[in-house]
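Chains as they are written, first to last, in our numbering: chain R, 28 to 702; chain L, 28 to 702.
Number of protein chains: 2
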Amino acid sequence: MNLIILPVLTGLLGIFFIILLSIRILKSDPGSSAMVEISNAIFEGAMAFLKREYLAIAVFVFIAALVLWAGINWPTALAFIIGAGCSLSAGYIGMQISTRANCRTACAAQKSYSQALQLAFSGGAVMGLYVVSIGLFALSLLYFIYYRYFGLDQATSVIAGFSMGASSVALFARVGGGIYTKAADVGADLVGKLEAGIPEDDPRNPAVIADLVGDNVGDVAGMGADLYESYVGAIISGLVIAVALFPDPITKIKGVLLCLLLAALGILASICGTFLVGAGKKVDPQAALRMGTLFSAAAFAAGAFCLTAFWYNDLRPFWAILFGLISGLVTGFAAEYFTSGNQVKKIAEAAQTGPATVIIAGMAAGMKSTVLPLVIIGLTTLIAYHFAGIFGIALAAIGMLAITGMTVAVDAYGPIADNSGGIAEMTHLSPEVRKITDSLDAAGNTTAAIAKGFAIGSAALTALALFSAFIQVAGIKVIDILQPQVIAGMLAGGIIPFLFSSQSMQAVGTTALAVVEEVRRQFKEIPGLMENQTKPNYARCVDITTRAALKAMIIPGVEAVLIPLGVGIVFGPETLAGLLAGALVTGVPLAIFFANAGGAWDNAKKFIEAGNFGGKKTPVHAAAVIGDTVGDPFKDTAGPALNILIKLITVVSLVFAPVILMAHEFLIRFFLVGK
Amino acid sequence: MNLIILPVLTGLLGIFFIILLSIRILKSDPGSSAMVEISNAIFEGAMAFLKREYLAIAVFVFIAALVLWAGINWPTALAFIIGAGCSLSAGYIGMQISTRANCRTACAAQKSYSQALQLAFSGGAVMGLYVVSIGLFALSLLYFIYYRYFGLDQATSVIAGFSMGASSVALFARVGGGIYTKAADVGADLVGKLEAGIPEDDPRNPAVIADLVGDNVGDVAGMGADLYESYVGAIISGLVIAVALFPDPITKIKGVLLCLLLAALGILASICGTFLVGAGKKVDPQAALRMGTLFSAAAFAAGAFCLTAFWYNDLRPFWAILFGLISGLVTGFAAEYFTSGNQVKKIAEAAQTGPATVIIAGMAAGMKSTVLPLVIIGLTTLIAYHFAGIFGIALAAIGMLAITGMTVAVDAYGPIADNSGGIAEMTHLSPEVRKITDSLDAAGNTTAAIAKGFAIGSAALTALALFSAFIQVAGIKVIDILQPQVIAGMLAGGIIPFLFSSQSMQAVGTTALAVVEEVRRQFKEIPGLMENQTKPNYARCVDITTRAALKAMIIPGVEAVLIPLGVGIVFGPETLAGLLAGALVTGVPLAIFFANAGGAWDNAKKFIEAGNFGGKKTPVHAAAVIGDTVGDPFKDTAGPALNILIKLITVVSLVFAPVILMAHEFLIRFFLVGK
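1. From Ala75/L, Gly419/L, Phe43/L, Asp659/L, pick the residue whose C-alpha is nearest to that of Val283/L; which is it?
2. I'd like the list of long-range same chain contacts for Gln313/R, defined as Cβ closer than 8 Å, with 5 residues on each side in sequence excluded.
3. Under 9 Å between the Cβ atoms of Gly484/R and Val202/R?
4. How should Ile523/R be labelled, buried or exposed, when 16 other C-beta atoms within 10 angstroms of its C-beta is the threshold for buried?
5. Measuring straight from C-alpha to C-alpha, what distance separates Ala296/R and Ala476/R?
6. Please decide whether Tyr720/R counts as near chain L, where near means a Cβ-Cβ distance under 9 Å.
7. Could you name the residues of the stretch 177-209 of chain L whose beta carbon sits closer than 8 Å to any beta carbon of chain R, in the order they occur along the chain?
8. Taking C-beta to C-beta, are Glu601/R and Val513/R nearer than 9 Å?
9. Can you tell me where the alpha helix (DSSP H) holding Glu552/L begins and where it ends?
10. On the DSSP bridge assignment, give the partners of Asp507/L in chain order.
11. I want to see whether chain L comes within less than 9 Å of Val682/R, judged by CB atoms only; does it?
12. Who are the neighbours of Val620/R on chain L, taking C-beta pairs under 7 Å?
13. Do the CB positions of Ile410/R and Phe350/R come within less than 9 Å of each other?
14. Could you list the residues in the stretch 504-517 of chain R with a C-beta less than 9 Å from some C-beta on chain L, going in chain order?
15. Going by beta-carbon coordinates alone, are Leu266/L and Cys286/L separated by less than 9 Å?
16. Below 8 Å on the Cβ atoms is my guess for Gly658/L versus Trp628/L; work out the distance and round it to an integer in Å.
17. Measure from the alpha carbon of Phe527/L to the alpha carbon of each residue in Ala501/L, Ala684/L, Pro660/L, then state which is nearest.
18. Is the distance from the Cβ of Gly72/L to the Cβ of Ala237/L below 9 Å?
19. So, are the CB atoms of Ile298/R and Leu156/R less than 9 Å apart?
20. What runs of the beta strand (DSSP E), each 3 residues or longer, lie entirely inside the stretch 89-128 of chain L?
21. Please return the same chain residues whose Cβ sits closer than 7 Å to the Cβ of Val35/L, not counting the five positions on each side in sequence.
22. Quick check: what's the CA-CA separation for Pro400/R versus Phe44/R?
23. Can you check whether the C-beta of Ser264/L is within less than 9 Å of a C-beta belonging to chain R?
24. The alpha helix (DSSP H) spanning Trp346/L covers which residue range?
25. Go ahead and pull the three-state DSSP assignment for Leu456/R.
26. With 16 other CB atoms within 10 Å as the buried threshold, where does His455/L fall?
27. Starting from the beta carbon of Ala383/L, find every residue of chain R whose beta carbon is closer than 7 Å, and list them in chain order.
28. Around the C-beta of Trp338/R, are 16 or more other C-beta atoms found within 10 angstroms, so that it is buried, or is it exposed?
29. Using a Cβ-Cβ cut-off of less than 7 Å, list which residues of the stretch 537-567 of chain R approach chain L; keep chain order.
30. For Tyr412/L, return the contacting residues in chain R, with the cut-off set at a CB-CB distance below 7 Å.
31. Taking the C-alpha atoms as reference points, what is the distance between Leu589/R and Leu672/R?
32. Pick out whichever of Gly614/R, Ala362/R, Gln560/R, Lys578/R has its Cα sitting closest to the Cα of Ala539/R.
33. Which residues in the same chain as Ser108/L place their Cβ atom closer than 8 Å to its Cβ, once the five residues preceding and following it in sequence are excluded?
34. Taking CB distances under 9 Å as the criterion, tell me whether Lys674/L reaches chain R.
35. With C-beta atoms as the reference, is Ala252/L less than 9 Å away from Phe199/L?
Here it is, written out as structure tokens:
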């Protein structure tokens, strides 16, 4: 178990590397005062968002920790708090850096292409590497301490609280953040463009900063929390399964160490990958980003091979890891395929016959895009189990998530490039500079699609791994579909993603109304605003949107926690297992459908804006814009929220498994006695 | 077993009653020559559709029968042919009557309200009662003959072919018919309204009859074949389970007879229900139709109580039957709730902010509407199993489907009322008459929504019952979700409905293009068409649309048959069971979502057209029209197609279970020997 020092040290190394990166970013030229001013406004907006969100999370975490303490024990509650705290720190640091790297990227673009790419990517890499480094560092250290004090079994059972902490923050960041993003977007457009008649991104619009903050909220804080949750969940399910499944202490510990060492390897591979992107003199940023990702994957695979062959002395787990890694890449690139090229052209073509056909074509494309990822995940399950049993499923998830550092880096790069373009535009930099930032931004859009696919694939595999861990902990030997309580659980579980999506989409509408009201109020009450004499109160707009978004997520959030608990206690663990399986079976394809339909509509609009089928200001373009507007809450709210949902309900079941079992026993005895 | 004479006789009685009804319809006044002319055109179009479709089905049935003969045995092949043949005859007779009742209803509306209602409903009742009467008659008789010649076990195993025959016809009628309906609708509008600039339903448009035929194709032939499939499938799964599950010949036969006698009771209850609707002097046709349905349900429940209590001497099955019946009514009325009143008002409100918000609101409403039906179906499963084991699940399905005669009657009434309104309009009958036909038509729209919900609920329960039968036949003892091949099967099964929906929606687009081309050709090549001097070639338009629709359904149809076979043979029966469960878990909520979102958009449009939010010719109305256009292929193509899909893949697995088991064994041995 002393080898656990290695993952702890790797985590520290990662954090050290991040500090170097951050210093380099902060030292570079932030640009003219006009650029800094806009960047500062975004920064302040982002902080206003985080402040309000973190306040809500703090209340939630405090109450949940009390429940965990009273219901289970204090180490679980502590693990929960630390797991949540690390995620919060990641969101904070990521937002701090990304909202400062944007003006610096715009400034660097005035000098050279490769410097701009390096800066934007370094900003993303800070978030990406921090997510995995802090996760692995805190998890390994805490696990080691618990192991010393409570022994292996007890330590493993309470460490699941860490994963639940990660899930709780992800719920707020992804669901609340997803609602926030789109509500700010829609609300800003509704009043600004339609009512006040000012152009998009006009600084007089009080919601304009809320809108710009939204990009960072979604792709930096949201995606980071989402993948942090998957990352931590995958590792912890590996620990739980290894300890529950293996016969003797030595193999148990070896299994545990394998999980943690693989994660450490992944961090090292990701750091190497970021060097590659940074060093690239390539003209095509997309190729550089893809190269970095593939290099990290290859380096990790090579390392995993050596680790399993020479240290674990059993090559079979390697195949589970490798196929997990491959299926992550495939789901990612499948998302890219279905949101680009011919697929997008077909949807753009459908725009020629109006908005209805655009909608239908996009929906059909999104539905079709679910096939490949789920077949790959299914095959990976088969292969992983074939080579390494149930432990293999956790290993596949760990293998997939090992390069999370790189994936989040590539994704968080997106909003930095996007914001740098916005700053360049608003401060009237030369067209040359715009060309560079546009090219960086375009690469960011594609990589965002890949990251979204990867996030869903990893959520699916992590949920499967957590599910397997739950089964072990609940001591269920068989979940027989032929049993009616399992069928009923599956049918009921299958509708949870539908209900959750419905609520999150409707929440965008109600939150957008709050934005509209605040913007109207500012227009009316702040004198000289329309005449450019005073600045609107950006922060207040951010704050109100955040509050409304957080309020709108209460019901779905509470459902995600209470439904598994209630079903488990009333109907028993088998029905709960059926429920989790049903939610997974509908949740994953729905999430892929939302993400890819939304992405495809977005790109179809851009394809038309590039001059195809008549270009901008034609009915064809108007039809495509409607498709894009429908797609926005699909891809940025409902889809990502499902990633969280399927993990959260599983991790809640895992953590509360002992309570659920006890309460259900009690209920049954109560009724039997009653009879 | 001699009691089987009762269901046979009940079937004959039903057919006798239908003949009386038909005579009464055909004897009544068809109206003026202008009315007859339009009615004849619809009739001819319907026959052109059936001719082409039946030709395709004949080829398919012939080949499939050969495969069944060679692969299984000739009695299965014969049962398959008879099962398909009865469904074909039902579609033929239903279309014959409904396309003749339309002008007669319009004519009766000139005299009295109640006569018009009676005529329209009698037309629907012919279809509804024929579907169940011929189904029960042929099934009971064939089963009895097989029983005499081959004994109980063998007879029960081959009778599943009957169900597969029903499924095959339903595939064509529902999927091919669904594509046809919407393609004709969209195609007619695209050329007629947009290109040629003539109003909707203009007789100069060569596709106008194809469009009118579409209503009958969907709600008469399609719904009839769908519910016939459920009806037959539920009964047969009851037979299979009773014979496989019960220990001795006496209880086996008693279980078999219970299923058949319940079906007979249902027919009697439906006949009584039709009398009630016919005799009603009510002003509100919707109340009359609902009254008839509820009366049939109550009469059936009372009969079922007596049958189980006094003949079966065990009241427990009654509860399974009763809850099946109730869950059918609840899913139906839930569909009504979510496609009317406040739900629809909210969507209409969303139209004020444009098409995108209409789409999102409709989708959110559709997704939310999945919750209640699936919870009810889940609870029914639990209750049915609790009282009567796996047999209870089949009994619940039979209970739900017992009043199919009434449900189909109420649904098939819809297009007759709709067409009578069209005929009244085109022949310039008085506004008084229009008012009557409009009111009849409005009632038809609501009942259509109920029937759609009922069809999905019954498909779900039938698929569950067939699934249970498959498990019995395949001799599977446990399907453990913890086994990776089951999980992989579930994940793969979950995407089949997504793939199938994607393909059927896209097929509407490609088929509509064929319509557009033919209409353009006729406008160009037939001289004097636009000047009203000659009539267009309606039949050719119907024929070409039908052919294109049938061509477009080849790929999804082949998939629905080959995927379960391939997965079963390669991965074994457990994976196949997982696949079927996965398809059920995603298929049912998707089908409900499609049906209710589509229905809600349709009614939101009508709500605005009634003068709300500005009424017709406003941007609000235009936005609602876009929602309705998106909803059309949802509710009339993709949704109904899923009903068929989930039943078809299960029945294919059931019928081919012996072949699948053998081929899988062979494959495994082959590979083991190869090693």
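For glycine and all other residues, C-beta sits at the position ideal for the given N, C-alpha and C.
This is what the structure holds:
1. The candidate whose alpha carbon is nearest that of Val283/L is Gly419/L.
2. Contacts found: Ala469, Ala470, Thr473, Thr474.
3. Against a cut-off of 9 Å, the Cβ pair of Val202/R and Gly484/R comes out as no contact.
4. Buried: at least 16 other Cβ atoms inside 10 Å.
5. Roughly 22 Å separates the two Cα atoms.
6. Past the edges of chain R, shown from 28 to 702, lies residue 720/R, and the structure says nothing about it.
7. If the cut-off is 8 Å between Cβ atoms, the stretch 177-209 of chain L has nothing near chain R.
8. Yes, these two residues count as a Cβ contact at 9 Å.
9. Note, Glu552/L: alpha helix (DSSP H), 511-552.
10. Answer is Asp507/R, bridged to Asp507/L.
11. Not one chain L Cβ lies under 9 Å of Val682/R.
12. In the sequence as displayed, the identity of residue 620/R is Phe instead of Val. Ordered by position in chain L, the residues that pass the 7 Å Cβ test against Phe620/R are Phe525.
13. Yes; because the gap between Cβ atoms is below 9 Å, this pair is in contact.
14. The stretch 504-517 of chain R vs chain L, Cβ under 9 Å: Lys504, Val505, Ile506, Asp507, Ile508, Leu509, Gln510, Pro511, Gln512, Val513, Ile514, Ala515, Gly516, Met517.
15. At a Cβ-Cβ threshold of 9 Å, Leu266/L and Cys286/L count as neighbours.
16. Sure, about 4 Å apart at Cβ, within 8 Å.
17. Ranking the options by Cα distance to Phe527/L, first place goes to Pro660/L.
18. Yes, they are a contact pair.
19. Yes, the pair counts as a contact, with Cβ atoms nearer than the cut-off.
20. As far as the stretch 89-128 of chain L is concerned, it has no whole beta strand (DSSP E) run of at least 3 residues.
21. Answer for Val35/L: Phe164, Ser167, Leu168, listed in chain order.
22. Each residue's alpha carbon lies about 34 Å from the other.
23. For Ser264/L, the answer is no, since every Cβ of chain R falls outside 9 Å of its Cβ.
24. Counting along the chain, the alpha helix (DSSP H) containing Trp346/L begins and ends at 343-365.
25. Reduced to three states, the DSSP call for Leu456/R is coil.
26. When all chains shown are included, His455/L counts as exposed.
27. Chain R residues near Ala383/L: Ile653, Thr656, Val657.
28. Exposed: under 16 other Cβ atoms inside 10 Å.
29. Taking 7 Å as the Cβ-Cβ cut-off, the stretch 537-567 of chain R has no residue approaching chain L.
30. Using a Cβ-Cβ cut-off of 7 Å, Tyr412/L is close to Pro511 of chain R, given in chain order.
31. Looking at the two C-alpha atoms, the distance is approximately 12 Å.
32. Comparing C-alpha distances from Ala539/R to each of Gly614/R, Ala362/R, Gln560/R, Lys578/R shows the shortest one belongs to Lys578/R.
33. In the sequence as presented, Ser is not what sits at residue 108/L; that position holds Ile. For Ile108/L, where only same-chain residues beyond five positions count, the Cβ hits under 8 Å are Val88, Ala92, Gly192.
34. Using a Cβ-Cβ cut-off of 9 Å, Lys674/L does not count as an interface residue toward chain R, since no Cβ of chain R sits closer than that to its own.
35. Contact annotation: Ala252/L and Phe199/L have beta-carbon atoms nearer than 9 Å.
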